[in-house]
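Those protein sequence lines, which keep their order, are chains A, B and C. Each residue of the first sequence is one higher than the one before, starting from 0 at the first, in numbering that gives the first Met the number 0. Each residue of the second sequence is one higher than the one before, starting from 0 at the first, in numbering that gives the first Met the number 0. Each residue of the third sequence is one higher than the one before, starting from 0 at the first, in numbering that gives the first Met the number 0. Beta carbons: idealized from backbone N, C-alpha and C, even for Gly. Report on one structure; see the data block that follows.
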Amino acid sequence: MNGKKKEVRRRIPGEEFPAAGQNALAVEEPTAELLTELVAHLRENRTQLREEWARRITESQFLTAMTKEEVFKEATAVYDNYVAVLETGSVEALQAYALDLSERIIPRGVETREVLGIVLLLRDVLARSLFKKYQGDFALLNRVLDAYEPAANRIANTVAVSFVRERERIIRQQQEAIRELSTPVLQVRERLLILPIIGVIDPQRARQVTEQLLRGIRANRARVVVIDITGVPAVDATVANHLVQTVDASRLMGATVIVTGLSSEIAQTLVTIGVDLTKMKTVGDLQGGIEEAERLLGYKICSSADQGFAKMA
Amino acid sequence: MTPKDEIHVPINSDSDIVTARQQGRTMALEAGFGDTDLTVISTAISEVARNIVEHALSGEIILRIEHNGSKAGLVITARDDGPGIPDIALAMQDGYSTGKGLGLGLPGTKRLMDEFDIVSDPEIGTTVIMKKWRN
Amino acid sequence: MRVPILKQGKYLIASIQSALSDYELLQLRDDLAAQVGKYRTRGVIVDVTVLDVMDSFAVRTLRAIAQIARMRGAETIIVGIQPEVAFAMVQLGLTLGQVETALDLEEGLALLDDRTRQDGNRDAER
Ligand SMILES: Nc1ncnc2c1ncn2[C@@H]1O[C@H](COP(=O)(O)OP(=O)(O)OP(=O)(O)O)[C@@H](O)[C@H]1O
Ligand SMILES: [Mg+2]
Numbered sequence: 000m001n002g003k004k005k006e007v008r009r010r011i012p013g014e015e016f017p018a019a020g021q022n023a024l025a026v027e028e029p030t031a032e033l034l035t036e037l038v039a040h041l042r043e044n045r046t047q048l049r050e051e052w053a054r055r056i057t058e059s060q061f062l063t064a065m066t067k068e069e070v071f072k073e074a075t076a077v078y079d080n081y082v083a084v085l086e087t088g089s090v091e092a093l094q095a096y097a098l099d100l101s102e103r104i105i106p107r108g109v110e111t112r113e114v115l116g117i118v119l120l121l122r123d124v125l126a127r128s129l130f131k132k133y134q135g136d137f138a139l140l141n142r143v144l145d146a147y148e149p150a151a152n153r154i155a156n157t158v159a160v161s162f163v164r165e166r167e168r169i170i171r172q173q174q175e176a177i178r179e180l181s182t183p184v185l186q187v188r189e190r191l192l193i194l195p196i197i198g199v200i201d202p203q204r205a206r207q208v209t210e211q212l213l214r215g216i217r218a219n220r221a222r223v224v225v226i227d228i229t230g231v232p233a234v235d236a237t238v239a240n241h242l243v244q245t246v247d248a249s250r251l252m253g254a255t256v257i258v259t260g261l262s263s264e265i266a267q268t269l270v271t272i273g274v275d276l277t278k279m280k281t282v283g284d285l286q287g288g289i290e291e292a293e294r295l296l297g298y299k300i301c302s303s304a305d306q307g308f309a310k311m312a
Numbered sequence: 000m001t002p003k004d005e006i007h008v009p010i011n012s013d014s015d016i017v018t019a020r021q022q023g024r025t026m027a028l029e030a031g032f033g034d035t036d037l038t039v040i041s042t043a044i045s046e047v048a049r050n051i052v053e054h055a056l057s058g059e060i061i062l063r064i065e066h067n068g069s070k071a072g073l074v075i076t077a078r079d080d081g082p083g084i085p086d087i088a089l090a091m092q093d094g095y096s097t098g099k100g101l102g103l104g105l106p107g108t109k110r111l112m113d114e115f116d117i118v119s120d121p122e123i124g125t126t127v128i129m130k131k132w133r134n
Numbered sequence: 000m001r002v003p004i005l006k007q008g009k010y011l012i013a014s015i016q017s018a019l020s021d022y023e024l025l026q027l028r029d030d031l032a033a034q035v036g037k038y039r040t041r042g043v044i045v046d047v048t049v050l051d052v053m054d055s056f057a058v059r060t061l062r063a064i065a066q067i068a069r070m071r072g073a074e075t076i077i078v079g080i081q082p083e084v085a086f087a088m089v090q091l092g093l094t095l096g097q098v099e100t101a102l103d104l105e106e107g108l109a110l111l112d113d114r115t116r117q118d119g120n121r122d123a124e125r
């Protein structure tokens with residue numbers, strides 16, 4: 000499936016619709032002439048056709064997330080790009096514009112079917128106008144439409160693919176952000192980081208968590224890290240080994256790691272199956288872990304005062 | 000693609016190890032690998048290149064970008080005409096070294112890479128082929 | 000290129016400036032060994048911030064440096080291992096064993112002060 004989409008995309012810029020110089024449409028003289036005439040017609044009637052298109056967009060209830068003015072402004076830009084493609088044969092500018100447009104409208108909830116819808120509407124509006132102009136000469140009309148349609152289809156394709164591509168990119172970006180959010184590296188005080196891990200740890204996530212922590216150590220100049228694994232449902236040998244690697248790597252950067260939330264039963268099991276936990280400092284719960292961390296950092300905990308921490312001399 | 004789709008780095012002395020891993024890093028960077036992978040790749044190249052210098056005297060490192068559908072990967076081949084490795088399974092064990100090394104080069108490199116193959120023959124020498132896919 | 004070694008009080012600071020060949024690493028080891036003896040050094044810092052690779056040979060050599068220094072009464076601290084390098088090292092299976100590490104030069108110096116004070120004034124403190 001993915002592969003297919005890629006194929007379509009790859010064809011767009013060059014092969015299917017060649018750039019101005021080696022324009023396939025220009026090869027056939029009569030077609031090129033017709034396109035020139037067509038472009039002139041679309042330029043002449045720019046105002047009226049643009050308005051007609053915008054009206055149809057509203058009528059079809061497309062782009063409801065945008066104001067009338069916004070729709071008209073974008074419609075104008077797309078219209079001009081559209082005419083430029085017909086004139087030059089190059090979709091590059093349109094493609095860039097479509098990507099930019101997608102980037103702006105995707106966050107506002109505009110959907111793929113709407114984008115396809117408006118481009119097909121424009122094709123329809125223009126075809127109707129051509130029909131009206133050439134209806135007296137049926138043969139000529141046919142030739143005009145023959146020249147117009149392949150170009151129009153390619154334009155529709157370009158816009159749709161740009162949109163889908165941008166949408167995919169944004170979705171990927173969001174997934175990445177969500178993944179990072181699911182393992183926040185928190186700085187609770189100077190030199191102290193807390194990494195609460197929640198959920199299943201697979202090798203890919205383990206790697207990501209480790210990379211994030213190591214960068215966090217450098218960015219925050221952390222000396223102690225508390226990794227809380229209370230929220231990890233299953234701690235088996237694989238997870239434990241990832242943990243050991245994370246601890247070792249942090250040590251190489253000069254930070255001490257305290258692991259909390261590892262129940263004594265699980266610790267026992269891990270030792271039995273041969274996981275080396277001796278290199279790991281473990282403390283029962285997160286609170287205890289933070290206290291131990293502060294002790295290592297040289298902070299004294301004043302148990303009587305509410306939350307008073309004092310740094311030792 | 001680019002004309003430098005394949006690079007051969009001759010390995011004859013310890014300074015060639017540095018050259019090989021720097022070339023590998025540059026190639027991987029151009030192929031779009033992330034920071035961690037760049038370091039992982041240079042480290043792996045360093046290990047196999049050093050094995051050539053230490054255990055076989057001379058050979059070469061071949062770097063190539065490979066495409067598999069939408070995936071891009073870096074293929075690293077380390078080839079020498081040295082004495083070969085009599086027992087590969089043994090050489091692949093953590094801590095096994097016939098020299099004064101830590102014996103981590105081969106098994107560690109395998110852990111760093113996504114794919115790792117090694118063929119060796121006392122008549123022909125040793126070839127290690129390994130790949131890292133970009134994710 | 001030879002790694003410059005700076006003498007600062009009772010400490011020696013070797014700050015690596017570029018990627019090193021095996022030969023240059025061994026040279027650093029020998030230079031440090033000679034200077035630790037000569038200056039009655041209490042601590043050695045090797046700054047590896049610029050290294051984008053730490054392979055088995057580099058680790059072996061750093062360990063050797065620490066061992067030699069210890070035999071002559073000096074502590075060794077490796078500073079500046081970068082996140083990606085630390086990641087690759089543990090995947091490869093490399094650790095620095097007993098050798099201490101710190102985030103950067105500043106942290107390394109603080110750690111050395113700490114260590115040497117502990118050795119020197121153990122009775123005075125408690
Ligand atoms: N290219 C080679 N030619 C011949 N023998 C090799 C080659 N590469 C590795 N070996 C053999 O395999 C053994 C294991 O290699 P490995 O790289 O794991 O460890 P090492 O080189 O001895 O030490 P380290 O890499 O940890 O410094 C070597 O000691 C050597 O006997
Ligand atoms: Mg080796």
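Residue-level contact by beta carbon fails for C/Asp51 and chain A, as no gap is shorter than 9 Å. In this structure, B/Ile44 sits near B/Ile75, with a CB-CB distance shorter than 9 Å. Annotation for B/Ile40: the continuous alpha helix (DSSP H) segment containing it runs 34-50.
Residues of chain C with a Cβ closer than 8 Å to the Cβ of B/Ser57 do not exist, since the nearest Cβ in that chain sits about 15 Å away. For C/Ile67, the CB contacts under 8 Å within the same chain, skipping 5 residues up- and downstream, are Arg28, Leu31, Ala32, Val35 in chain order. When 9 Å is used as the limit between beta carbons, C/Arg59 is near these residues of chain B: Lys99, Gly100, Leu101, in chain order. Assigned with DSSP and collapsed to three states, C/Thr100 falls in strand. Closer than 9 Å to the CB of B/Leu37 there is at least one CB belonging to chain C.
In the DSSP annotation of this structure, the continuous segment of the alpha helix (DSSP H) that includes C/Ile67 starts and ends at 55-70. When C-alpha distances from B/Glu53 are compared across B/Ile60, B/Ala90, B/Gly81, B/Gln21, the shortest belongs to B/Gly81. Under the 9 Å criterion on CB atoms, A/Asp247 is classed as interfacial with respect to chain C. Of the residues A/Ser262, A/Glu290, A/Ala292, A/Thr268, the one whose Cα lies closest to the Cα of A/Gly283 is A/Ser262. Taking a contact to require three or more Cβ pairs closer than 8 Å, the segment 267-278 of chain A and the segment 100-119 of chain C do not qualify as touching. Interface criterion met: the Cβ of C/Leu91 is under 9 Å from a Cβ in chain B.
Within the same chain, Leu37, Ile40, Ser41 come within 7 Å of B/Arg24 by CB-CB distance, once the 5 residues on both sides are set aside.
The closest CA to that of C/Leu95, considering only C/Arg39, C/Ala63, C/Ile12, C/Asp112, is found on C/Ala63. For the segment 27-49 of chain C, no residue has a beta-carbon sitting nearer than 7 Å to a beta-carbon of chain B. The Cβ of C/Val2 sits no closer than 9 Å to any Cβ of chain A.
Sorted by position in the chain, B/Glu46, B/Arg49, B/Asn50, B/Glu53, B/Gly100, B/Gly104, B/Leu105, C/Ser55 make up the residues whose C-beta lies under 7 Å from a heavy atom of ligand 2. When C-alpha distances from A/Glu32 are compared across A/Tyr96, A/Leu41, A/Val143, A/Tyr78, the shortest belongs to A/Val143. The beta carbon of A/Arg220 falls within 9 Å of a beta carbon belonging to chain C, placing the residue at that interface. Between the alpha carbons of B/Asn11 and B/Gln22 lies a distance of about 16 Å. For the C-beta of B/Val127, not a single chain C residue is nearer than 8 Å; the gap to the nearest is close to 15 Å. Around C/Arg71, the same chain offers Val35, Gly36 as residues with beta carbons nearer than 6 Å, after the five sequence neighbours per side are excluded.
Distances from the alpha-carbon of C/Asp54 to those of B/Leu56, B/Val127, B/Asn50 put B/Asn50 closest. One alpha carbon belongs to B/Ser96, the other to C/Val49, and they sit about 29 Å apart.
For C/Ala18, the chain B residues whose Cβ falls inside 9 Å of its Cβ are Val17, Arg20, Gln21, in order along the chain. In the three-state reduction of the DSSP assignment, A/Tyr133 falls in the helix class, which pools H, G and I.
Chain-order list of chain A residues neighbouring C/Thr115: empty, with the shortest C-beta distance near 17 Å, by a criterion of under 9 Å.
Shown here, B/Lys99 sits in coil according to DSSP, grouped into three states, outside any helix or strand. Taken atom to atom, the span from the alpha-carbon of A/Gln244 to that of A/Val256 is near 11 Å.
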